[in-house]
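The opening position of the sequence shown corresponds to residue 1258 in my numbering, with each subsequent residue numbered one higher.
Backbone N, C-alpha and C define an ideal beta-carbon position, used for all residues, glycine too.
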Amino acid sequence: MKVTGETKVIGIFGYPVSHSLSPLMQNAAIEALGLNYIYIPFEVKPEELERAVNGIRALGITGVNVTVPHKEAVIPFLDEADEDAKLIGAANTILNKNGRLIGYNTDSPGYIRSLREDAGFDPKGKSIIVIGAGGAAMGIIAGLFSHDASEIIMANRTIEKAEQIRVNYTERYRHKSIQIKTAPLSYLKDPRILSSVDLIVNTTSMGLEGMAPDVDFASTSPHVLISDIVYKPAVTPFLKQAQDAGRKTLGGLGMLIYQGAISLEIWTSQKAPIDVMKNSLMPFLTR
Ligand code: ATR
């Protein structure tokens, strides 16, 4: 990679940011496309976020990804946010369009693309259980609604959080005939509910700590798809239990790659090289 006076700068704001795989994946894509861009990690403390966002304008940075813990906090500092970012209340991508900062949420379409491309699953008309009610769940539910899922059941430890999302999304998607319900985690052991579901997605962070929501996989349909958004380990305890019960699974790697691919497309207007991005990550995910 040759940095010249014309090189455009993109990057990622996070705290911490050192664990992020995005610089590796994005620079591999930039190199494969022969673009004169560079993708840089920026460690931004929460109290410096506003100044850092203003720095995008001041320095003429083309755009950045935004990761934990800034995805929600960044919204008020932007000039504009697209519909998904507004609804979800979180942006993971900023584009600097002639000094105007526009926020996008590419986690949401990234998950849908992974469902389609990696698992051959089209959410249209499907009945889906989403476990968790945090920022990740909101992004995924927005994507499932936009792609015409017929029923979404949100199962969460804190039912009030799920209920709040239900109220907001029912209002936002009132023009669509989609049902959204909330349920306690104990429903994940109820055969009457599990047997008719097409997809169960775990959006909780439990897999990172070696834990899993308690689902009675034996009561699910043999055709169900079981998905987790955690990408390391590639097979989380949740997915392992599903596989042991003979169910198909989808890990979080595809979502990571596609959210990055969509961000790169927003900044450069070039089609992202998915295979290059995926291959760049392999050594870091298997060790
Ligand atoms: P993110 O923005 O990444 O989704 P989050 O907002 O912290 O992260 O949300 C994490 C989700 O995982 C929440 O739904 C949380 O449940 P609560 O709403 O009850 O807090 C869920 N979660 C995390 N650890 C959990 C655990 N040990 N058992 C059950 N749910 C858990």
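{"Check": "According to DSSP, is Met1411 helix, strand or coil?", "Outcome": "strand"}
{"Check": "What separation, rounded to the nearest whole angstrom, lies between the Cα atoms of Leu1278 and Leu1538?", "Outcome": "7 angstroms"}
{"Check": "Scan the region 1394-1469 and note each continuous beta strand (DSSP E) run of 3 residues or more that stays entirely inside, going in chain order.", "Outcome": "1408-1412, 1436-1440 and 1456-1459"}
{"Check": "Quick one: Cα of Lys1354 to Cα of Lys1489, how far?", "Outcome": "34 angstroms"}
{"Check": "Taking Gly1360 as the reference, which of Leu1451, Asp1379, Lys1328 and Leu1496 has the closest Cα?", "Outcome": "Lys1328"}
{"Check": "Do you know offhand how far Gly1268's Cα is from Ser1453's?", "Outcome": "43 angstroms"}
{"Check": "If you count every other CB in all the chains shown that lies within 10 Å of the CB of Ser1434, and 16 or more means buried, which is it?", "Outcome": "exposed"}
{"Check": "Which partner residues of Pro1298 appear in the DSSP bridge assignment?", "Outcome": "Ile1269"}
{"Check": "Which residue or residues does DSSP assign as beta-bridge partners of Ile1483?", "Outcome": "Ile1457 and Thr1506"}
{"Check": "Tell me whether Arg1414, by its Cβ, gets closer than 7 angstroms to a heavy atom of the ligand ATR.", "Outcome": "yes"}
{"Check": "Return helix, strand or coil for Ala1491, following the three-state DSSP convention.", "Outcome": "coil"}
{"Check": "To the nearest angstrom, how far is the alpha carbon of Ala1309 from that of Thr1461?", "Outcome": "29 angstroms"}
{"Check": "Go ahead and pull the three-state DSSP assignment for Leu1335.", "Outcome": "coil"}
{"Check": "Apart from the five residues just before and just after Gly1382, which ones in its own chain have a Cβ nearer than 6 angstroms to its Cβ?", "Outcome": "Ser1407"}
{"Check": "Hey, how far is the Cα of Asp1467 from the Cα of Thr1493?", "Outcome": "A small correction: the amino acid at residue 1467 is Gly; Asp does not occupy that position in the sequence shown. Approximately 7 angstroms between the Cα atoms of the pair."}
{"Check": "Please report the straight-line C-alpha distance between Met1512 and Phe1270, rounded to a whole angstrom.", "Outcome": "19 angstroms"}
{"Check": "Determine the DSSP secondary structure at Thr1350, reduced to helix, strand or coil.", "Outcome": "strand"}
{"Check": "Please confirm whether Ala1390 and Thr1415 have their CB atoms less than 8 angstroms apart.", "Outcome": "yes"}
{"Check": "Three-state secondary structure (DSSP) at Asn1536?", "Outcome": "helix"}
{"Check": "With 16 as the cutoff for other CB atoms within 10 Å, does Leu1482 come out buried or exposed?", "Outcome": "buried"}
{"Check": "State the DSSP-derived secondary structure class of Asn1322, mapped to helix, strand or coil.", "Outcome": "strand"}
{"Check": "Comparing C-alpha positions only, which one of Leu1372, Gly1464 and Ser1520 sits nearest to Leu1507?", "Outcome": "Leu1372"}
{"Check": "Could you tell me whether any non-hydrogen atom of the ligand ATR is closer than 7 angstroms to the CB of Met1512?", "Outcome": "no"}
{"Check": "Cutting at 8 angstroms between CB atoms, please list the residues of its own chain near Pro1448, excluding the five before and the five after it.", "Outcome": "Asp1473 and Ser1476"}
{"Check": "Roughly how many whole angstroms lie between the Cα atoms of Gly1346 and Ala1394?", "Outcome": "12 angstroms"}
{"Check": "Do Thr1350 and Gly1320 have their C-beta atoms within less than 8 angstroms of each other?", "Outcome": "yes"}
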